[in-house]
Each structure stands twice: as C-alpha cells, then as structure tokens.
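Working notes, beginning with the structure itself.
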Amino acid sequence: MKRCDVVVIGGGAAGLSAALLLSRARRKVLVVDAGQPRNAPAAHMHGYLSRDGMPPAELLTTGRSEVAGYGGEIVTGTVADLVPDGRTGFWVLLDNGQRISTRRLLVTTGLHDELPDIPGLSERWARDVLHCPYCHGHEVRDQQLGVIGGTQAP
Ligand SMILES: Cc1cc2nc3c(=O)[nH]c(=O)nc-3n(C[C@H](O)[C@H](O)[C@H](O)COP(=O)(O)OP(=O)(O)OC[C@H]3O[C@@H](n4cnc5c(N)ncnc54)[C@H](O)[C@@H]3O)c2cc1C
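Sequence positions in the sequence shown follow this note's numbering and run -7 to 146.
Pasting the structure below:
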C-alpha cells in the first residue's frame, strides 16, 4: 500500500483549496469526502467573487478536477477513525473498511447546522429560511422578514 503525505478529511471548499496547494507542492494528497457540504441545500452561492450565482456543487466539481489535474486523489467515503501507526503517521479508517496510511492529516470537515425544532423550518431551509444576510439577503430584499434567534429571557 502506498503512503500519502497528507490525507485531507472533508472535500468542501476548504479541503479542496488545501488539496490544490498541497498537490501543486508535489505532495501525495488524498481527499476523503462524505459529500455533504454545508451549503448543499442552497441552489446558488453568492458573494464569492467570480462565482456569484454558481450552484455550490459546480464549485466543488471544478475544484475536484483542479486537484486531480495535479495528481491529487479524491475518494468518496466517511472517515470513521484515526489510529497512530506507531511511526510518525496515522491509519485513516473509512466506514467501508478501507485503510489509508498517511504522514499527516488535515481536518476540514466543516460545520453541521442544528436547526431549531420549528415545524416546517427544515423543509424551507436554504430556500426561504436563510442563515446569512450577506449570502442570500439580496434575494429577499424588500420583502417582509421574520427573524429567528437570540436567547430566551430567564
Ligand atoms: C444554506 C447555506 C447557504 C450558504 N450560502 C453561501 C453563499 O452563498 N456564499 C458563501 O460564501 N457561503 C455560503 N455558505 C457558507 C458555506 O457553505 C461554507 O462557508 C462552506 O461550505 C465551508 O466550506 P468547508 O469546506 O469548511 O465545509 P463544507 O462545505 O461543509 O465541507 C465539509 C465536507 O467534509 C465532509 N465530511 C464531514 N465529516 C467527514 C468525515 N468524517 N469523513 C469524510 N468527509 C467528511 C462533508 O461531507 C463535506 O463534504 C452557506 C451555508 C449554508 C448553510
């Protein structure tokens, strides 16, 4: 089995950016990605210079091909465990039983949004329940808005 220089855990924008730089630096890089980026429910991304209005999946498809162009590998899967290999690196264990040997790890697993338990909210998430005025405020400009948030008074 070949040993990687770096395994990047999570192939969203952060992980692919890192993988691009590392593979350009001629490191042997492998990205393991579970394929659930935080903005997956959004139809378009905004406020990202040169990519405004692009579907989020398109950014990642382009990023993956840029990484692959420098020899970086991308594997679909979920990292279930990390085990020191007794030398200077790690075994990366995937939930499908695959094992990868690496000298270094980069964790770019993003955030998970925990939505409030309000009926109908999760169905509307990223459509008309919006988390970020900078990303999506323009799309609902001049409409009547409600705000969910803050802490409950004691
Ligand atoms: C609804 C919504 C809309 C948004 N719209 C915009 C926008 O318009 N413009 C903008 O600039 N930003 C927007 N954002 C913010 C943007 O989504 C984040 O800034 C961006 O996704 C962060 O990238 P990331 O690589 O850190 O994490 P993510 O994109 O979340 O990627 C992390 C990746 O790691 C994977 N992963 C997690 N755990 C494991 C594991 N154990 N093994 C393998 N893989 C794993 C996940 O499946 C995922 O693919 C939006 C966010 C949300 C929620």
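Heads up, the beta-carbon is just placed ideally off N, CA and C, and yes, glycines get one too. Computed from a predicted structure; not experimentally measured.
7 Å CB neighbourhood of residue i in its chain, flanking five on each side removed
| i | result |
| --- | --- |
| A11 | V0, V21, V23, V59, G64 |
| D73 | L85 |
| D77 | W83, S93 |
| T68 | D25, G27 |
Boundaries (first-last residue) of the beta strand (DSSP E) holding residue i
| i | result |
| --- | --- |
| V23 | 21 to 25 |
Delimiting residues of the alpha helix (DSSP H) encompassing residue i
| i | result |
| --- | --- |
| V132 | Looking at the DSSP string, V132 is not in any alpha helix (DSSP H), and its letter there is neither H nor E. |
| R18 | That residue, R18, is in no alpha helix (DSSP H); it is neither H nor E in DSSP. |
| T53 | 48 to 61 |
In DSSP terms, what residue i is bridged to
| i | result |
| --- | --- |
| I1 | V24, V99 |
| R30 | Bridge partners of R30: none, in fact. |
| R(-5) | S93 |
Own chain partners of residue i with C-beta closer than 6 Å, once the 5 adjacent residues on each side are dropped
| i | result |
| --- | --- |
| A6 | T100 |
| G55 | L8 |
| A26 | T70 |
Nonlocal neighbours in the same chain, by C-beta distance under 8 Å from residue i, ignoring five residues either side
| i | result |
| --- | --- |
| P33 | W117, A118, R119 |
| P108 | I140 |
| H104 | R30 |
ask   = Could you give the uninterrupted runs of the alpha helix (DSSP H) lying entirely in the region 64 to 126, keeping only those of 4 residues or more?
value = 113 to 116
ask   = Between the region 36 to 47 and the region 120 to 129, do at least 3 Cβ pairs fall closer than 8 Å?
value = yes
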